[in-house]
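Beneath this line is the structure, given in structure tokens, with notes to follow.
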Amino acid sequence: LFAGYAYAHFSIRRLSPRMQAAVHIGLLCVAALCLPIAPDAGWKPEGHENPTWRILCMLTVSVGLPYFVLSSTGPLMQAWFSRTEPEASPYRLYALSNIGSVLGLISYPFLFELLWATEVQSWMWSAGFVMFGVTCGWCAIRAGQVQPAVQNSELSPAVADVPPTAWDKLLWFGLSACASTILLATTNQVCLDVAVIPFLWVLPLSLYLLSFILVFDSETWYPRGTYTIAMAVSVTYATLITYQSANLPIMPQLVIYFVTLFFCCMVCHGELVRLKPAPRFLTSFYLATAAGGAAGGLFVGLLAPVLFERLIELQLGLIASCLCLLGAHRRQQTARKLTRGVMWLGTCLVVTVLGLVRLLNSTSASENELAISRNFFGVLKVIEEHSGDPQRHVRTLVHGQTKHGQQFQAADKRRQPTTYYGKQSGVGLALRNLERPTGRRGGFVGLGIGTLATYAQPGDEFRFYEIDPDVVRHARQHFTYMSDSAARIEVVLGDARLALDREPPQQFDILVLDAFSSDAIPVHLLTREAMEIYVRHLQPDGVMAFHISNRFFDLQPIVARLGKEFGFRAERFECQPNDDVGQWASHWMLLSRDMGFWSRSEIATSIHSTPLNQPHAPLWTDQFSNLLSILK
39 LFAGYAYAHF SIRRLSPRMQ AAVHIGLLCV AALCLPIAPD AGWKPEGHEN
89 PTWRILCMLT VSVGLPYFVL SSTGPLMQAW FSRTEPEASP YRLYALSNIG
139 SVLGLISYPF LFELLWATEV QSWMWSAGFV MFGVTCGWCA IRAGQVQPAV
189 QNSELSPAVA DVPPTAWDKL LWFGLSACAS TILLATTNQV CLDVAVIPFL
239 WVLPLSLYLL SFILVFDSET WYPRGTYTIA MAVSVTYATL ITYQSANLPI
289 MPQLVIYFVT LFFCCMVCHG ELVRLKPAPR FLTSFYLATA AGGAAGGLFV
339 GLLAPVLFER LIELQLGLIA SCLCLLGAHR RQQTARKLTR GVMWLGTCLV
389 VTVLGLVRLL NSTSASENEL AISRNFFGVL KVIEEHSGDP QRHVRTLVHG
439 QTKHGQQFQA ADKRRQPTTY YGKQSGVGLA LRNLERPTGR RGGFVGLGIG
489 TLATYAQPGD EFRFYEIDPD VVRHARQHFT YMSDSAARIE VVLGDARLAL
539 DREPPQQFDI LVLDAFSSDA IPVHLLTREA MEIYVRHLQP DGVMAFHISN
589 RFFDLQPIVA RLGKEFGFRA ERFECQPNDD VGQWASHWML LSRDMGFWSR
639 SEIATSIHST PLNQPHAPLW TDQFSNLLSI LK
């Protein structure tokens, strides 16, 4: 996006109208040669590396040029519109473009993804891009035939062509960076620490785009004083709830965070509009705005996971936005409004101090926090809970609102399987009823704290696949399931499907897939192509166990459909909670072609015969999946 805006700025400032048209039409033609968009399989990660740079490089190569051309459209079109229609303001077109962004954001997960496979979507998008290229080329030709005219700005004639100052440009950059940082930080905060709810990320992005739409449509949508007070109040509440978040219901937290996001974005973007220059300087305005947005994204997406152990970017973004608002008020302050301005500035200063206090407080570990780490995949905490009863002394590995496992610390209970993996759970039943005279070979997708290693018998070989290296480190340093296990333990770091795809057949007697308990279902582990890989690694009489405990998604129809496709009998097993042994309610599905396994009395009597909610569920493939269809 920044590169596209930089190109637009350079083109308008340095090239003649006819040359602008020629260059842009050339770029449109070259970008069309990159279609359809389909990343090469060579971009698959190796498994042990941080995937950030590989993802960025893959996106650059596969979609970079078409996106570069698309991203330059906003400032270019507005500059050309200003040339052909000098009496009209071009800035409202930015509101229109963001309406298009919202429609795209909402329509994709709720329409296009439901109806068409990704390959079809790619061709549809390519056709749309060609249509866009034709109309954009026509606009370029039309604009190239019109010579630049004296602009008639919304500003008064006396200041219409006054070049923006360095302070103006710094404010453009800072206000945009603050809004971008708060958007991404709020999304991380609510999706990881507050509520693990599918599609929740759509709402903050929609609010962010809505603020653009309102302030660029008309300045009447942004009464400065009202929004400044609203921002000050909401930032104060957002700062205070971080102290009590564990004791507050989810909905009030979501409301406060989203209201704060909206008011902060309205203020940041509203001040941007108040500081916008005459139309002949609009490309430099959008360039600084894009640079700020990119800086906010780089800070939250790349730097923060390396610099901070905790999610403190939101507090930093709130502090920075208050400071930028101070600068914007100072830039436009007049003697007549001095008293009112001082009041707003004083309010923001108080809020800034509160944010700083919270920031300093958030760097100190809580009493029961044994360890904390952060990387690309999020924040992990090892929590130690002392209840005064040694028999209830436990350690838990937590990722946001998701618990990866829990272990008793008493010597006589630490080898006891807990949480979703108790002896009466589906996987517990499978492991206790699966016998091999020379030892069992098991594959486990998802390590957690290694709880399932406790089921090992002498001669067993257990192979765990885990994508997050910090999970492996915590499981070994703070939990003893693997070190106490009777099996020979192997841990393969990386995406399980990619690792299994590269490996020779492992001849697993049991393959456990435990990666579906959060709001972000790894769909690529539930497709026909993934199942082909699993079957290749499974013994003919082996068992597959799918952990389908999930608050939001009903995975039973999808797993049952996969089993039917490959000739497996698939049954559901439910386990009731038992606090005395640390067992949680869990839902598993076991798949096997071995009738001898199904005839075992404990297995046969534990089957939970519940009719499928969707008896004719579609078969998921790498080209088609539909999370909305299984949303509870």
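This note's numbering puts the first residue of the sequence shown at 39, with every later residue one more than the last. For every residue, glycine included, the Cβ atom is placed at its ideal position computed from N, Cα and C.
1. Does Met-633 pass the burial test, meaning 16 or more other C-beta atoms within 10 Å, or should it be called exposed?
2. Could you work out which residue in Phe-546, Val-561, His-585 and Phe-590 is closest to Tyr-572 when comparing CA atoms only?
3. Does the Cβ of Lys-419 have 16 or more other Cβ atoms within 10 Å, making it buried, or fewer, making it exposed?
4. Going by alpha carbons, who is nearest to Glu-504 out of Leu-538, Ala-69 and Leu-472?
5. So what does DSSP say about His-585, is it helix, strand or coil?
6. In chain order, what residues of the same chain lie with their CB nearer than 8 angstroms to the CB of Ala-403, ignoring the 5 residues before and after it?
7. Ile-144: buried (16+ other C-beta within 10 angstroms of its C-beta) or exposed?
8. Identify the continuous alpha helix (DSSP H) that holds Ile-668 and give its terminal residues.
9. For a quick check, are the C-beta atoms of Arg-452 and Thr-518 less than 7 angstroms apart?
10. Which first and last residues belong to the beta strand (DSSP E) in which Asp-547 is found?
11. So which of Trp-626, Phe-604 and Gln-444 has the shortest CA-CA distance to Asp-617?
12. Of the residues Pro-201, Glu-157, Asn-588 and Thr-457, which one's Cα is nearest the Cα of Gln-661?
13. Can you give me the C-alpha to C-alpha distance between Pro-202 and Gly-80, rounded to a whole angstrom?
14. What residue range is occupied by the uninterrupted alpha helix (DSSP H) comprising Trp-210?
15. Identify every residue that forms a DSSP beta bridge with Gly-443.
16. Any chance the stretch 353–371 sits against the stretch 225–235, with 3 or more Cβ pairs inside 8 angstroms?
17. State buried or exposed for Trp-210, treating a residue as buried only when at least 16 other CB atoms are found within 10 Å of its CB.
18. For the alpha helix (DSSP H) that His-646 lies in, which residues bound it at each end?
19. Leaving out the 5 sequence neighbours to the left and right, which residues in its chain are closer than 8 angstroms to Gln-495 when beta-carbon positions are compared?
20. Starting from Ile-294, follow the alpha helix (DSSP H) in both directions and report where the run begins and ends.
21. Do Ala-60 and Phe-106 have their C-beta atoms within less than 7 angstroms of each other?
22. Is the stretch 286–304 in contact with the stretch 97–114, if contact means three or more CB pairs nearer than 8 angstroms?
23. Short of 7 angstroms in beta carbon distance, which residues of its chain neighbour Asn-588, apart from the five on each side in sequence? Order them along the chain.
24. Is it buried or exposed, Val-581, if we count other Cβ atoms within 10 angstroms and call 16 or more buried?
25. What is the residue span of the beta strand (DSSP E) that Asn-413 lies within?
26. Less than 7 angstroms separating the beta-carbons of Ser-244 and Val-140?
27. Do you know offhand how far Gln-621's Cα is from Val-311's?
28. Determine contact between the stretch 127–138 and the stretch 110–119, defined as no fewer than three beta-carbon pairs at a distance below 8 angstroms.
29. Tell me, to the nearest whole angstrom, how far the beta carbon of Arg-412 is from that of Ile-421; I am working on the premise that it is less than 8 angstroms.
30. Taking 7 angstroms as the cut-off, decide whether the C-beta atoms of Cys-759 and Leu-213 are in contact.
Short version:
1. Taking the sequence shown and counting its residues from 1, the one referred to as residue 633 is at position 595. Met-633 is exposed by the Cβ-count criterion.
2. For the purposes of this step, residue 572 is identified with residue 534 of the sequence shown, where counting begins at 1. Nearest C-alpha to Tyr-572: Phe-546.
3. On the sequence shown, position 381 is the one that residue 419 refers to. So Lys-419 counts as buried.
4. Position 466 of the sequence shown, counted from the start, is the residue given in the question as residue 504. Cα-wise, what sits closest to Glu-504 is Leu-538.
5. For this step, residue 585 is matched to residue 547 along the sequence shown. His-585 falls in the strand class under three-state DSSP.
6. The count along the sequence shown starts at 1 and reaches residue 403 at position 365. Low confidence applies here, because Ala-403 scores a pLDDT of 48, under 50, leaving its location unreliable; read the following figure in that light. Excluding residues within five positions, the ones whose Cβ falls inside 8 angstroms are Ile-410.
7. Numbered from 1 along the sequence shown, position 106 holds the residue referred to as residue 144. Looking at its Cβ environment, which holds fewer than 16 other Cβ atoms inside 10 Å, Ile-144 is exposed.
8. Numbered from 1 along the sequence shown, position 630 holds the residue referred to as residue 668. Unbroken run through Ile-668: none, as it is neither H nor E.
9. Here residue 452 refers to the residue found at position 414 when the sequence shown is read from its first residue. Here residue 518 refers to the residue found at position 480 when the sequence shown is read from its first residue. Yes, these two residues count as a Cβ contact at 7 angstroms.
10. On the sequence shown, residue 547 is found 509 positions in, with the first residue counted as 1. From DSSP, the beta strand (DSSP E) with Asp-547 extends over 546–551.
11. The residue you call residue 617 lines up with position 579 of the sequence shown. Out of Trp-626, Phe-604 and Gln-444, Gln-444 has the C-alpha closest to the C-alpha of Asp-617.
12. If you number the sequence shown from 1, residue 661 lands on position 623. The shortest Cα separation from Gln-661 among Pro-201, Glu-157, Asn-588 and Thr-457 belongs to Glu-157.
13. As a position in the sequence shown, residue 202 is number 164, starting the count at 1. As a position in the sequence shown, residue 80 is number 42, starting the count at 1. Computed Cα separation, rounded: 47 angstroms.
14. Looking up residue 210 in the sequence shown gives position 172. First-last of the alpha helix (DSSP H) with Trp-210: 204–226.
15. Here residue 443 refers to the residue found at position 405 of the sequence shown. BP columns for Gly-443 point to Leu-435.
16. no
17. Within the sequence shown, the letter at position 172 stands for residue 210. By the 10 Å Cβ count, Trp-210 comes out buried.
18. Taking the sequence shown and counting its residues from 1, the one referred to as residue 646 is at position 608. Neither: His-646 is in no alpha helix (DSSP H) and is coded neither H nor E.
19. Sequence index remark: in the sequence shown, residue 495 carries index 457 (1-based). Excluding residues within five positions, the ones whose Cβ falls inside 8 angstroms are Gly-477, Arg-478, Ala-524 and Ala-525.
20. To locate residue 294, count along the sequence shown from 1; it is residue 256. Its alpha helix (DSSP H) spans residues 288–312.
21. Numbered from 1 along the sequence shown, position 22 holds the residue referred to as residue 60. Numbered from 1 along the sequence shown, position 68 holds the residue referred to as residue 106. No, they are not a contact pair.
22. no
23. As a working mapping, residue 588 is identified with position 550 in the sequence shown. Cβ neighbours of Asn-588 beyond the five flanking positions: Phe-554 and Ser-555.
24. Residue numbering aside, residue 581 sits at position 543 when the sequence shown is read from its first letter. Val-581 comes out buried.
25. Here residue 413 refers to the residue found at position 375 when the sequence shown is read from its first residue. Looking at the DSSP string, the run of the beta strand (DSSP E) that includes Asn-413 is 407–413.
26. Position 206 of the sequence shown, counted from the first residue, corresponds to residue 244. Position 102 of the sequence shown, counted from the first residue, corresponds to residue 140. Result yes, Cβ atoms of Ser-244 and Val-140 sit closer than 7 angstroms.
27. Here residue 621 corresponds to residue number 583 of the sequence shown, with the count starting at 1. Here residue 311 corresponds to residue number 273 of the sequence shown, with the count starting at 1. Their Cα atoms are separated by approximately 56 angstroms.
28. yes
29. One-based indexing of the sequence shown puts residue 412 at position 374. One-based indexing of the sequence shown puts residue 421 at position 383. About 15 angstroms; that fails the 8 angstroms criterion.
30. Within the shown structure, residues of the chain are numbered from 39 to 670, placing residue 759 beyond reach of any answer.
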